[in-house]
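Let me begin by presenting the structure, written as structure tokens, before commenting on it.
There are 2 protein chains.
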Amino acid sequence: MVHRPPPGTLRPQGRTERVRQAVVSATRGLLAADGYDALTIERVADAAGVAKSTVYRRWRDTAGLMMELMREVAGAAIPLADSGSVDEDLRVLAIEIVKFFSGTSGAMVLALVAESVHNPDTAAGMREFWAERNERAAIAVRRGIDRGELPSEVDPVEVIRALGAPLYYRMLVTHEPLDDVVAARAAAAALAAARAGTLSRSD
Amino acid sequence: MVHRPPPGTLRPQGRTERVRQAVVSATRGLLAADGYDALTIERVADAAGVAKSTVYRRWRDTAGLMMELMREVAGAAIPLADSGSVDEDLRVLAIEIVKFFSGTSGAMVLALVAESVHNPDTAAGMREFWAERNERAAIAVRRGIDRGELPSEVDPVEVIRALGAPLYYRMLVTHEPLDDVVAARAAAAALAAARAGTLSRSD
Numbered sequence: 014m015v016h017r018p019p020p021g022t023l024r025p026q027g028r029t030e031r032v033r034q035a036v037v038s039a040t041r042g043l044l045a046a047d048g049y050d051a052l053t054i055e056r057v058a059d060a061a062g063v064a065k066s067t068v069y070r071r072w073r074d075t076a077g078l079m080m081e082l083m084r085e086v087a088g089a090a091i092p093l094a095d096s097g098s099v100d101e102d103l104r105v106l107a108i109e110i111v112k113f114f115s116g117t118s119g120a121m122v123l124a125l126v127a128e129s130v131h132n133p134d135t136a137a138g139m140r141e142f143w144a145e146r147n148e149r150a151a152i153a154v155r156r157g158i159d160r161g162e163l164p165s166e167v168d169p170v171e172v173i174r175a176l177g178a179p180l181y182y183r184m185l186v187t188h189e190p191l192d193d194v195v196a197a198r199a200a201a202a203a204l205a206a207a208r209a210g211t212l213s214r215s216d
Numbered sequence: 014m015v016h017r018p019p020p021g022t023l024r025p026q027g028r029t030e031r032v033r034q035a036v037v038s039a040t041r042g043l044l045a046a047d048g049y050d051a052l053t054i055e056r057v058a059d060a061a062g063v064a065k066s067t068v069y070r071r072w073r074d075t076a077g078l079m080m081e082l083m084r085e086v087a088g089a090a091i092p093l094a095d096s097g098s099v100d101e102d103l104r105v106l107a108i109e110i111v112k113f114f115s116g117t118s119g120a121m122v123l124a125l126v127a128e129s130v131h132n133p134d135t136a137a138g139m140r141e142f143w144a145e146r147n148e149r150a151a152i153a154v155r156r157g158i159d160r161g162e163l164p165s166e167v168d169p170v171e172v173i174r175a176l177g178a179p180l181y182y183r184m185l186v187t188h189e190p191l192d193d194v195v196a197a198r199a200a201a202a203a204l205a206a207a208r209a210g211t212l213s214r215s216d
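If you're matching them up, the sequences are chains A and B in order. Using this note's numbering, the first residue of the first sequence is number 14, and each one after it goes up by one. Using this note's numbering, the first residue of the second sequence is number 14, and each one after it goes up by one.
Now the structure itself:
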């Protein structure tokens, strides 16, 4: 007898969701163990105990799997400090970004960045991911504006971009080292630029 | 009879250099026509009229060819304005960076960035390339310091990093659009951060 939920009941743990969770967890595990280059649909299907055809149909390729993992990471809360000082909260945020990129999830995001240079689907997924992510991080800046620590014309998302950009620049472009001093400097520079009126909304 | 230069004469156009130029030009042409993914040692050797074994021995793989092309780009002069105003010179530099990345050489650099995420040799090559490149661009900042437009403690290379970072961030991470307004804003924000003392030398 097939188990059916009562009509009208939501099934957060339905078969589709269970398959998704198994595939996400298998992708994460293989990625941590062997890196992106060794990731294949076959290995993920094997590790997840799911039919290869199911994985192909739903995620198509490894880039699709990576985007799924990305949505999982996006769902996780950003550890936003709320110290009462925007300078302190953004310093902590920059340090958290550096810490994030020394872990498995960070390696995954860097692999997706590399993929997005050649793959327009990944690029579109990244655009969406970061728009949502930066909007959420911008809450820390909005609080600072509300407290009068920053001019009201400041564009909160642009401050988050300015804070993150020097960190990604070192990781991706110049391959220069990253540490808490570099992170704190990125936050301080973004705030100085905001206070000087160079990161204001254009409208 | 084999042509030999007189003893002691420099041969800037010797066989080694002629092969290098043919290979660089073939790589550039194939890249512009079909993109990085279609680039192979075989196709480059064919297009350059050079033995495959020669290309393999000297450049090993497509990443090696890309680094050679990169050195060629690095050798080209950075179009640095010298208007007498550091604000104007950096605004022009940021706009030149945006323009560069809409062309073939820009696409090549982005392909190398993607490669450098997975390939430590490319990452090391990139580190060297950007160190040299940013040092040269920093001349515009040094002139501004000499003219008293910026505090003498400012780290000139850090200003160049701060100017470039938001542009690479949009190209590589968030895939948000780039234009002259974004470029001018990046330059203005870097200068504001420098004047506020957040981009000073740590020594």
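No residue lacks a Cβ here, since even glycine has one placed at the ideal position from N, Cα and C.
inquiry  = Can you pull the chain A neighbours of B:E189, defined as C-beta to C-beta under 9 Å?
reply    = The count along the second sequence starts at 1 and reaches residue 189 of chain B at position 176. Result: R140, W143, A144, R174.
*Give every residue of the same chain whose Cβ lies closer than 6 Å to the Cβ of A:M14, excluding the five residues on either side of it in the sequence, and list them in chain order.*
Counted from its first residue, the first sequence places residue 14 of chain A at position 1. Interpretation of A:M14 is limited by its pLDDT of 45, a score under 50 that renders its predicted location unreliable; the figure taken from the coordinates is listed afterwards. Nothing meets the Cβ criterion.
List, in chain order, every chain A residue whose beta-carbon is nearer than 7 Å to that of B:R198.
Along the second sequence, read from residue 1 onward, the residue named residue 198 of chain B stands at position 185. Those within 7 Å of B:R198 in chain A are T211.
Name the residues in the stretch 96–128 of chain A whose C-beta lies less than 8 Å from a C-beta of chain B; which are they?
L123, A124, V126, A127, E128
Please list the residues of the stretch 44–77 of chain B that have a C-beta atom closer than 9 Å to any C-beta atom in chain A, keeping them in chain order.
-> G48, Y49, D50
Distance, B:T29 Cα to B:T67 Cα: Along the second sequence, read from residue 1 onward, the residue named residue 67 of chain B stands at position 54. Along the second sequence, read from residue 1 onward, the residue named residue 29 of chain B stands at position 16. Roughly 10 Å separates the two Cα atoms.
Determine the DSSP secondary structure at B:S165, reduced to helix, strand or coil.
In the second sequence, counting from the first residue as 1, residue 165 of chain B sits at position 152. Reduced to three states, the DSSP call for B:S165 is coil.
By how many angstroms is the C-alpha of A:K65 removed from the C-alpha of B:F113? For the purposes of this step, residue 113 of chain B is taken as the residue at position 100 of the second sequence. For the purposes of this step, residue 65 of chain A is taken as the residue at position 52 of the first sequence. The C-alpha of B:F113 lies about 43 Å from the C-alpha of A:K65.
Q.
Taking only three categories from DSSP, how would you classify B:S66?
A. Looking up residue 66 of chain B in the second sequence gives position 53. Correct three-state label for B:S66: helix.
In DSSP terms, what A:S96 is bridged to: Taking the first sequence and counting its residues from 1, one reaches residue 96 of chain A at position 83. According to DSSP, A:S96 bridges with nothing at all.
>> Please state the DSSP three-state secondary structure of B:S213.
In response: In the second sequence, the residue the question calls residue 213 of chain B occupies position 200. DSSP places B:S213 in strand when its eight states are reduced to three.
Could you check what DSSP says for A:L82 in three-state terms: helix, strand or coil?
The residue labelled residue 82 of chain A in the question sits at position 69 within the first sequence. Looking at A:L82 - three-state DSSP - the assignment turns out to be helix.
I want to verify the contact list: residues of chain A whose CB lies under 8 Å from the CB of B:L185, in sequence order.
Reading the second sequence from its first residue, position 172 is the one you call residue 185 of chain B. Neighbours of B:L185 on chain A, chain order: V126, S129, V130, Y181, L185, V186.
Residues near A:T211 in its chain [Cβ-Cβ closer than 7 Å; skip 5 each side]
For the purposes of this step, residue 211 of chain A is identified with residue 198 of the first sequence, where counting begins at 1. Once the five neighbours on either side are set aside, A:T211 has no close Cβ partner at all.
Quiz item: What do you reckon, are the CB atoms on A:T187 and B:R140 nearer than 8 Å?
Solution: In the first sequence, counting from the first residue as 1, residue 187 of chain A sits at position 174. In the second sequence, counting from the first residue as 1, residue 140 of chain B sits at position 127. By the CB criterion at 8 Å, A:T187 and B:R140 fall inside the cutoff.
Against B:G177, what residues of chain A qualify as contacts under a CB-to-CB distance less than 7 Å, listed in chain order? Reading the second sequence from its first residue, position 164 is the one you call residue 177 of chain B. Those within 7 Å of B:G177 in chain A are Y182.
Name the chain A residues that come within less than 9 Å of B:A151, Cβ to Cβ? Start at 1 with the first residue of the second sequence, and residue 151 of chain B comes out as number 138. Under the 9 Å cutoff, chain A gives no residues; its nearest Cβ is about 13 Å from B:A151.
**OP:** Note down the Cα distance separating A:A207 from B:S98, rounded to an integer number of angstroms.
**Re:** Mapped onto the first sequence, residue 207 of chain A falls at position 194. Mapped onto the second sequence, residue 98 of chain B falls at position 85. If you take the alpha carbons of A:A207 and B:S98, they lie about 22 Å apart.
Original post:
Under a Cβ-count criterion, where at least 16 other Cβ atoms within 10 Å of its own Cβ denotes burial, should B:E171 be classed as buried or exposed?
Top reply: Residue 171 of chain B sits at position 158 when you count from the first residue of the second sequence. Burial call: buried.
First through last residue of the alpha helix (DSSP H) which encompasses B:R31 = Taking the second sequence and counting its residues from 1, one reaches residue 31 of chain B at position 18. Start and end: 28–47.
Note to self: Assuming the contact rule is C-beta atoms closer than 8 Å, A:A153 and A:L123 should be a hit. Round their C-beta distance to whole Å, please.
What the structure shows: Residue mapping note: residue 153 of chain A aligns to position 140 of the first sequence, counting from 1. Residue mapping note: residue 123 of chain A aligns to position 110 of the first sequence, counting from 1. About 24 Å; that fails the 8 Å criterion.
**Message:** So, with DSSP's three-state summary, where would you put B:I152?
**Reply:** Taking the first residue of the second sequence as 1, we reach residue 152 of chain B at position 139. Correct three-state label for B:I152: helix.
Alpha carbon to alpha carbon, what distance is there between A:F142 and A:A83? Position 70 of the first sequence, counted from the first residue, corresponds to residue 83 of chain A. Position 129 of the first sequence, counted from the first residue, corresponds to residue 142 of chain A. One point to set straight first is that residue 83 of chain A is Met, not Ala, in the sequence displayed. Near 8 Å, if we compare the C-alpha coordinates of A:F142 and A:M83.
| From which residue to which residue does the alpha helix (DSSP H) around B:S118 run? | Numbered from its first residue, the second sequence carries residue 118 of chain B at position 105. 117–131 is the span of the alpha helix (DSSP H), which, as asked, contains B:S118.
Residue nearest to A:L163 in terms of C-alpha spacing, selected from A:S213, A:W72, A:I110, A:A45: For the purposes of this step, residue 163 of chain A is taken as residue 150 along the first sequence, with counting starting at 1. If we check each option's Cα against that of A:L163, A:S213 comes out closest.
* Asked: To which residues of the same chain is A:V37 closer than 7 Å at the C-beta, ignoring the five residues directly before and after it?
  -> Taking the first sequence and counting its residues from 1, the one referred to as residue 37 of chain A is at position 24. So the list reads E81, L82, E85, once near-sequence residues are dropped.
Under a three-way DSSP split, which group does B:A89 fall into? Looking up residue 89 of chain B in the second sequence gives position 76. Here B:A89 sits in coil by DSSP.
field: Helix, strand or coil at A:R104 according to DSSP, with G and I counted as helix
entry: Reading the first sequence from its first residue, position 91 is the one you call residue 104 of chain A. Helix.
Determine the contact status of B:R174 and A:P179, defining contact as a CB-CB distance below 8 Å.
Looking up residue 174 of chain B in the second sequence gives position 161. Looking up residue 179 of chain A in the first sequence gives position 166. Result yes, Cβ atoms of B:R174 and A:P179 sit closer than 8 Å.
Check your understanding: Any Cβ of chain B within less than 8 Å of the Cβ of A:A205?
Key -> Taking the first sequence and counting its residues from 1, the one referred to as residue 205 of chain A is at position 192. For A:A205, the answer is yes, since a Cβ of chain B falls inside 8 Å of its Cβ.
Margin query: Using a 10 Å radius around the Cβ and a threshold of 16 neighbouring Cβ atoms, would you call A:D193 buried or exposed?
Written below: Translated into positions along the first sequence, residue 193 of chain A becomes position 180. A:D193 is exposed by the Cβ-count criterion.
Exercise for review: Reducing DSSP to helix, strand and coil, say where B:A205 ends up.
Suggested key: In the second sequence, the residue the question calls residue 205 of chain B occupies position 192. Helix.
Inset, instruction - Could you tell me if A:P92 is buried or exposed, where buried requires 16 or more neighbouring beta carbons within 10 angstroms of its beta carbon? - result: Looking up residue 92 of chain A in the first sequence gives position 79. With fewer than 16 Cβ atoms within 10 Å of its Cβ, A:P92 is classed as exposed.
Starting from the beta carbon of A:A201, find every residue of chain D whose beta carbon is closer than 7 Å, and list them in chain order.
-> Absent from the structure: chain D. Protein chains present are A and B.
- [ ] Anything in chain B within Cβ reach of A:A136, meaning under 8 Å, just list it in chain order.
- [x] Mapped onto the first sequence, residue 136 of chain A falls at position 123. What A:A136 touches in chain B: H188.
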